[in-house]
Each structure stands twice: as structure tokens, then as C-alpha cells.
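Structure first, commentary second.
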Amino acid sequence: MSVNILKNALAELKMSANVESSAIISNDGILVTSDIDSKLHPESFAAMISVTHNTALITMKSIGNRSIDRLIIENSDGSKMVTICAGSKAMVTTLLNPGNNIDSSLAEIKKTAATVKSYFG
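Taking the working numbering, I'd label the letters of the sequence shown as residues 975 to 1095.
Given below as C-alpha cells:
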């Protein structure tokens, strides 16, 4: 499979879920692909998301044998950053515009995560 499949998945996500930008990141913080503006330093963004995800995972495991399916960080203006696990090797992170319907966006992000999961096997 080509990385173009993943780029296409992000493009479809952007159209269907009112996503400002998104990224596919390996669990160890490597940026696989993104449509994040270069001013935001996508590689640094990927590393930060990985650290946040892994810290949350360690915390959840320390309070019981729990995993995490998603992380949602919300800003006071209503914008959100949503990270959804895509199997054991990657995650999909999106920046959602204020006023975005979180329920319909989550459904679309989960579809993209399923594509990413099948890509990584």
C-alpha cells in the first residue's frame, strides 16, 4: 500500500468532518503524513501528540488495566484536538473547528483510523 492511501484518507476526512487539519502519527511520534500548516511544525506537533498519548496511556494503566481509545482536548473557543488510536502502531489526530459537531466528527475520524489501522496491519 502507498502512503497516498493515507493522504487520501486525510483529504476525505477534511471534507466530511469539517476538520481544520489532521495528521497520522506513529505511536513513537514519527509523522507519517499530515495536512498541518508548516508554521505549526508538523514533526514537533507529532512528537507532542505522541508524548501526550503515551502519558495518558501510562496514567490509565497505572490506575487499572485500562487502555485509551481517544483523547479530546477542548479550547475555550470550542475548537478541539481529537486523537483516536488506529491500532497498536499509529493514531489519527485532528484539529476541529469551533462549532463542529463532535459526534459526527468522531464517527468520521474513527473511519479514518480504521483505514490507518489496516494500512499498518
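All residues carry an ideal CB built from backbone N, CA and C; glycine is no exception.
Proximity to residue i [Cα-Cα], best of the options
i: Ser1008; options: Ser1053, Thr1067 and Leu1045; result: Thr1067
i: Arg1044; options: Ile1023, Asp1051, Ser1036 and Ser1053; result: Ile1023
i: Ser1041; options: Ile998, Ile1004, Thr1029 and Ala1020; result: Thr1029
i: Gly1003; options: Lys1085, Ser1053, Cys1059 and Ser976; result: Cys1059
i: Asn1001; options: Ser1012, Asn982, Asn1039 and Ala1021; result: Ala1021
i: Asp1051; options: Thr1086, Ile999 and Asn1074; result: Asn1074
i: Met989; options: Thr1086, Val1025 and Tyr1093; result: Thr1086
Limits of the unbroken beta strand (DSSP E) element including residue i
i: Ile1023; result: Looking at the DSSP string, Ile1023 is not in any beta strand (DSSP E); the run it does join, the alpha helix (DSSP H), is Pro1016 to Ser1036.
i: Ser995; result: Val993 to Ser1000
i: Ile1047; result: Arg1044 to Glu1048
Pair within 9 Å by beta-carbon distance, residue i and residue j
i: Ser984; j: Glu1082; result: The identity of residue 984 in the sequence shown is Leu, whereas the question assumes Ser. In this structure, Glu1082 does not lie closer than 9 Å to Leu984 by Cβ.
i: His1027; j: Met1065; result: yes
i: Ser1062; j: Val993; result: no
i: Ile1076; j: Leu1070; result: yes
i: Ala991; j: Phe1019; result: no
i: Pro1016; j: Asn1049; result: no
i: Ile979; j: Ser995; result: no
i: Ile1046; j: Thr1033; result: no
Buried/exposed call for residue i, threshold 16 Cβ in 10 Å
i: Leu1005; result: buried
i: Leu1014; result: exposed
i: Val1090; result: buried
i: Ile999; result: buried
Extent of the continuous alpha helix (DSSP H) to which residue i belongs
i: Ile979; result: Val977 to Ser990
i: Ser1078; result: Ile1076 to Phe1094
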